[in-house]
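Comments concern the structure below.
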């Protein structure tokens, strides 16, 4: 008969010891190596392989270590926990260390039986991590079986990477380019969404009727919607695409048992109705409830979190109501954006080309206006395409002039608007940036010869001699590079980006690496090109990186590790796009205190100056005044740019003549600008008021502080990790060099460490760095670039060091240096009487009811117990005094024989303190039970069914004896 093993018990199989995991069945054991990580998890069939009970071996009195042995072993053990104690079941097993403020949405979510959240923290604060934390915890607890992330196709692969590497969630990409392959592997009648429990889906792909209905029928019970503001219908003027997305989300939200996380930095987008529609998806009552009342605000506070950087820059402080600053967490964001507007002037030849192009466009518009509305709209959009391309670059202009207009096939004026608007305007509500950086066409019926001549003239103007905009860019980039910056140059069109990159590569010197990334590359290729650029620049302090790109990288992609300045080569016609561009580098993890921003504008092209004055500058001022960005109302913004183009094309006409849009009065640019400003200021005032009224108050900082303290007590604090890594590497004879900037950073050259540690480090730190002797940078921040290690417990490099320290401590036969040992005798002035320190590993069995049935889980905790005197009559020390022994300094060396004899005697007496160790374990189980009740108090079913028991006896990992030094007369000091 097959023996049944309880989760958490120890077994011996395949020549080593393992811990039985809760996923085990009577005929199949799922095992994790004792002291190992989740990477070593294996399945064993007891019917075919020998499995027997194992007892954790006691320490050997002959295996003695130095004064740091206990501290190194404790830290290595805690870093290696993948199911630690504390109130959250998933935090120990993820590969990201959340900031304290990022726990707020998680705490809010755990107080809801069905999680419905609108997460609207500002750009760069970490909304993806916050959503990922909630998803991982719900999946781990069994409150959700599957996950779907709805996002833009350009961000799908980044979401996949974030979920896989940070949260251990493997999700399939469901995109137009992958769905055929995925469907080929389905069984007859099987849905794609039943086959793959975790999926990342292109919102635009799944909103179509054919795929939408299947998705809604088989939708996972947890859905995350990225850039959710693009999925609501604010009013009758929104696009058909928005309406389709909204209909999809409305049907998803109809299932009241489905968890739904909406993520967006701009929940209002200047429209109260859009905000209300978002809230209605979260909870129908919120669509209509009076948010001016206390009841309305309390209801909203349960589901809505929105914070700006100033709210989290310093968190858990006395100013926020805590007793002291012991848990204060400082999150480093750039303090400011140093913006400069730099002008340029057209060369005479370029000026002549622009004048001729405007004259041509004006003639076409006037003539088409007499032919009908369809023809007028086609001519209008062709004129805008021509003007924007000419202002962008000669190459973009030449391509536009020789390409047929997309509107030429339109059957009506409305269809012309629908086809052309996405290509020529920069709507804040558009999430479909794919394909919008292609240069638009301007060619229409019967204009071939004249446009061909203009295209030939445009092509002849390439290069900084005639293109003075390019010459200005080269000048300003050289200044940025001289000051040590690595800039991103944003262009509107693919031909412009390629043209600019081509000329910059010739002008910026051999030490500067220039690459272009545009929508002509797939999202995966774009990320690969960026990493290639970083690798080519290398670690040479004199090397510089310049990335030339389009708005295909203006959303969602994190570029702060490689770049620290932004140049707007082309002005966007919606300032929100500028904010998105700058947000790629101005975010958490940026090492520069100030990010530089340069905006190029032409003083004589008739467009840039007014766009800068009315749109860009106003947006900056609102952001400076409020500390946040407020989206410009799209239709009002379009009114301004339309007026500018009308003025350019029709300045020879009389004001009383009919405008292009059939309005009776042709409003001036200034009139429309005033109208825009009025609406924008109104939106900004509403945003300010809502930020104040709806500030995050559902979770008080004291509640966050309590859970942060619980997590850090169970898993370790930042200073513990930093000290452990540095001391462990030094003990393994790595060459460690401290940074002289006071940051706590250091580098370690690890080519000389033992072979076992080199083997462990190679996959995570890079084989080249390990073998060649290139120093590995360790940073005191969780946000690091590729090739750097973060001094947090979840970093793979830190984990590799900890695993090697633990393995060498538990196995005395491992060759090479063993800095952590399970025993030690230390003579130190830190004690006045013989003191014994015990390092214990407790395991707890949790019974956690969930929607999917009862979950049985195992949690681990490492604790220190210390007593003075003998084990038969101990005086137990407070926890802080036990912890202080880890830093006790040895006063003198002690005889090896004396150490071994002392340790043998101490180990032989430990049976006398077993009852105390068991009682302490029971107390820890009660504390763990209470912490789970505390964070889940709104979920009565889970709270009532929760059980936590300690597995006895605890594993004795280490025993260390501290003796007062002997004085000259032979007495203890």
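Numbering (this note's numbering), first residue to last: 101 to 1073.
Idealized CB from N, CA, C, for every residue including glycine.
query                                                                                                                        : result
Cβ neighbours of residue 912 in the same chain (closer than 6 Å, five flanking residues each side left out)                  : 163
Through-space distance from residue 859 to residue 424, alpha-carbon basis                                                   : 44 Å
For residue 214 and residue 1040, the rounded distance between their alpha carbons                                           : Because residue 1040 carries a pLDDT of 49, less than 50, the predicted location of this residue cannot be relied on, and the following value inherits that uncertainty. For residue 1040 and residue 214, the distance between alpha carbons rounds to 12 Å.
Beta-carbon gap between residue 808 and residue 892 smaller than 8 Å                                                         : no
Distance CB(residue 427)-CB(residue 827) smaller than 8 Å                                                                    : no
Residue 1086, DSSP secondary structure in three states                                                                       : This structure cannot settle anything about residue 1086, because the visible part of the chain is limited to 101 through 1073.
Whole runs of the beta strand (DSSP E) within the region 843-924, excluding any shorter than 3 residues                      : 846-849 and 876-879
Between the CA atoms of residue 189 and residue 152 - distance to the nearest angstrom                                       : 29 Å
Beta bridge counterpart(s) of residue 129 as assigned by DSSP                                                                : 144
Exposure label - residue 117; buried when at least 16 CB within 10 Å                                                         : buried
Which of helix, strand or coil DSSP assigns to residue 1064                                                                  : coil
Beta-carbon spacing of residue 834, residue 853 below 8 Å                                                                    : yes
Residues near residue 503 in its chain [Cβ-Cβ closer than 8 Å; skip 5 each side]                                             : 539, 540, 541, 542 and 543
Start-to-end residues for the beta strand (DSSP E) that takes in residue 460                                                 : No beta strand (DSSP E) contains residue 460, which is instead part of the alpha helix (DSSP H) from 448-469.
Buried or exposed by the 16-neighbour rule on C-beta atoms within 10 Å, applied to residue 764                               : Its pLDDT being 36, under 50, residue 764 is placed unreliably by the model, and the measurement read from it follows with that caveat. It counts as exposed.
Minimum C-alpha distance to residue 275 - residue among 249, 520 and 442                                                     : 249
Proximity to residue 825 [Cα-Cα], best of 694, 805, 768 and 877                                                              : 877
Sub-8 Å separation of residue 197 and residue 843 beta-carbons                                                               : no
Rounded separation between residue 394 and residue 800 - CA only                                                             : 17 Å
Three-state secondary structure (DSSP) of residue 587                                                                        : strand
Start and end residues, beta strand (DSSP E) containing residue 219                                                          : 216-219
CA nearest to the CA of residue 132, picked from 148, 112 and 126                                                            : 112
Secondary structure of residue 331, DSSP reduced to three states                                                             : helix
Beta-carbon spacing of residue 743, residue 720 below 8 Å                                                                    : no
Counted within 10 angstroms of its Cβ, other Cβ atoms place residue 565 as buried (16 or more) or exposed                    : exposed
Span separating the alpha-carbon of residue 690 from that of residue 432                                                     : 8 Å
Continuous beta strand (DSSP E) stretch holding residue 668: start and end                                                   : 665-668
Boundaries of the alpha helix (DSSP H) in which residue 980 is found, first to last residue                                  : 979-984
Backbone CA spacing between residue 191 and residue 381 [nearest angstrom]                                                   : 29 Å
Local Cβ density within 10 Å of residue 186, reported as buried at 16 or more and exposed below that                         : buried
Residue 287 versus residue 316 - alpha carbon distance                                                                       : 19 Å
Buried or exposed (CB count within 10 angstroms, at least 16 for buried), residue 325                                        : buried
Contact under 8 Å by Cβ, residue 682 with residue 697                                                                        : yes
Closest by C-alpha distance to residue 1018, when choosing among 999, 1053 and 223                                           : 1053
Cβ-based burial, residue 302 [other Cβ within 10 Å; buried from 16]                                                          : buried
Neighbourhood of residue 449 by C-beta distance below 7 Å, restricted to the same chain and skipping five residues each side : 561 and 566
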